[in-house]
Ligand SMILES: Nc1ncnc2c1ncn2[C@@H]1O[C@H](COP(=O)(O)OP(=O)(O)OP(=O)(O)O)[C@@H](O)[C@H]1O
Ligand SMILES: [Mg+2]
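In the working numbering, the protein residues as written are 1343 to 1708.
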């Protein structure tokens, strides 16, 4: 099977006066696993529906392998679709459900049977061929929907929250299955979720959407460790955001001064250009915030430990900084006995490696 690449150029969609998708451009490489992530209403399904040909754009172009499919009907696009509630036909057996797209494409009965069984093997359910959908669990039905999509070997597969209805354990299993199928078929997958952990674990790249536009596009590491805006920093995992002012900018990073602190410190950039004097936020991820018992007048940032929460392998320390107006901070440590400080109310010093302090434009994003 040949994987396809997808190019989207200035694609937009309005409903009346409402902009569901602002002009958006995006390149998806052959065999890439790209996830559209974002809050409810940010335009994920809209973009996917336009690519699938289930909705029509107001402007822009969609190219598959350099061929313009913007105005092609959905069935002509070599694009497979798996939606959250993409129901199986209840009156058809599993094998008839899966063979259906092949019948539509006039594949011979013998060939259709062979490929149906192959698809059932791929989703690891060869024994349910003769059953009806109502005789399957939710997760099995979801896998059959996946089999019905991959059976005609589309070069591009679109999935809109395909695991949304499943419980956590089944979702984790299905994530692995989908990754395995992605590797085996070498298909290009565009996957929609609003679960940031799912996006981080599954994707080559994440396209984070906000209010009908791309907020940031990059690898999970890019978005997690180099967010371009407060929106991205906030959306992907926990973060500590501290107010600061830029003193100087050089090739390696920024000299900054934290609010209410006299001593300057360093931060790294995020790809944006910053100016001296600019008010910014400094992002430090919880696992990079170091908490030690404060020595008397140690200088630097100090706070009081207000809460300690153990959630499995991670222990979170919540700290109220002594600096007025500074929000509560959170530090995360691997759970083990002995360290770090854990007496509620005790005074602690806070620190981090300058390479883990990322400068973000204040009020950036939408
Ligand atoms: N047919 C429609 N008519 C009017 N507005 C629509 C239509 N379809 C979508 N919208 C609006 O466009 C915006 C984007 O919707 P979309 O379905 O793309 O969001 P989403 O990111 O998929 O959200 P969710 O995570 O909730 O599925 C929403 O505000 C939605 O109300
Ligand atoms: Mg949606």
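Just so it is clear, CB atoms sit at the ideal spot from N, CA and C, and this is done for glycine as well.
For residue 1702, count the other beta carbons within 10 Å of its own beta carbon; 16 or more makes it buried, fewer makes it exposed. Which is it?
Buried, because 16 or more other Cβ atoms sit within 10 Å of the Cβ of residue 1702.
Note down the Cα distance separating residue 1442 from residue 1490, rounded to an integer number of angstroms.
Roughly 8 Å between the two C-alpha positions.
For the 8 Å Cβ check, are there 3 or more pairs between the segment 1668 to 1676 and the segment 1626 to 1636?
Yes: the two stretches touch, three or more of their Cβ pairs being nearer than 8 Å.
Give me, in chain order, the residues of the same chain whose beta-carbon lies closer than 8 Å to that of residue 1521; leave out the 5 immediate sequence neighbours on both sides.
Within the same chain, Cβ atoms closer than 8 Å to the Cβ of residue 1521 are found at 1375 and 1544, the five residues on either side in sequence being excluded.
Contact under 9 Å by Cβ, residue 1498 with residue 1523:
Taking 9 Å as the Cβ cut-off, residue 1498 and residue 1523 do not qualify as a contacting pair.
Might you give, ordered along the chain, the residues of its own chain that have their beta carbon closer than 6 Å to the beta carbon of residue 1664, omitting 5 neighbours on each side?
Contacts found: 1644 and 1645.
Using a strict less-than 7 Å threshold between each residue's beta carbon and the heavy atoms of ligand 2, what residues do you get?
Selection output, chain order preserved: 1386, 1387, 1502, 1503 and 1534.
Spatial neighbours of residue 1611 within its chain, please: CB distance less than 7 Å, with the 5 preceding and 5 following residues excluded, ordered by chain position.
The residues are 1595, 1596 and 1701.
Using a threshold of 8 Å, is the CB atom of residue 1398 nearer than that to any non-hydrogen atom of ligand 1?
No, Cβ of residue 1398 sits at least 8 Å from all heavy atoms of ligand 1.
Could you give the distance in angstroms between the alpha-carbon of residue 1699 and the alpha-carbon of residue 1476?
About 53 Å.
Can you pull the DSSP bridge partners for residue 1401?
Its beta-bridge partners are 1354.
Please state whether DSSP places residue 1708 in a helix, a strand or coil.
Residue placement at residue 1708 is poorly supported in this model, since its pLDDT is 41, which falls under 50; the coordinates still yield a value, given next. Here residue 1708 sits in coil by DSSP.
In the DSSP assignment, find the unbroken alpha helix (DSSP H) run with residue 1391 in it and report its ends.
Per DSSP, residue 1391 belongs to the alpha helix (DSSP H) from 1386 to 1394.
Check whether the segment 1390 to 1406 touches the segment 1466 to 1473, taking contact to mean three or more Cβ pairs, one atom from each stretch, closer than 8 Å.
Per the Cβ contact rule, the segment 1390 to 1406 is not in contact with the segment 1466 to 1473 (fewer than 3 Cβ pairs under 8 Å).
Any heavy atom of ligand 1 closer than 8 Å to the beta-carbon of residue 1425?
False, no ligand heavy atom lies under 8 Å from that Cβ.
Could you tell me if residue 1503 is buried or exposed, where buried requires 16 or more neighbouring beta carbons within 10 angstroms of its beta carbon?
Its Cβ being crowded by 16 or more others within 10 Å, residue 1503 is buried.
Contacts around residue 1682, its chain only, beta-carbon distance under 6 Å, and the 5 residues preceding and following it disregarded:
Setting aside the 5 residues that flank it on each side, residue 1682 is surrounded in the same chain by 1633 and 1675, each with a C-beta closer than 6 Å to its C-beta; the list follows chain order.
Using DSSP's beta-bridge definition, name the partner residues of residue 1709.
The first residue shown for the chain is 1343 and the last is 1708, placing residue 1709 beyond what the model contains.
List the endpoints of the continuous beta strand (DSSP E) containing residue 1710.
The displayed coordinates of the chain run from 1343 to 1708. Any statement about residue 1710 would go beyond what the structure contains.
Given that a residue counts as buried once 16 or more other Cβ atoms are within 10 Å of its Cβ, and exposed if not, what is residue 1604?
By the 10 Å Cβ count, residue 1604 comes out exposed.
Excluding sequence positions up to five away, which residues of its chain have a Cβ less than 6 Å from the Cβ of residue 1402?
Within the same chain, Cβ atoms closer than 6 Å to the Cβ of residue 1402 are found at 1351, 1352, 1353 and 1354, the five residues on either side in sequence being excluded.
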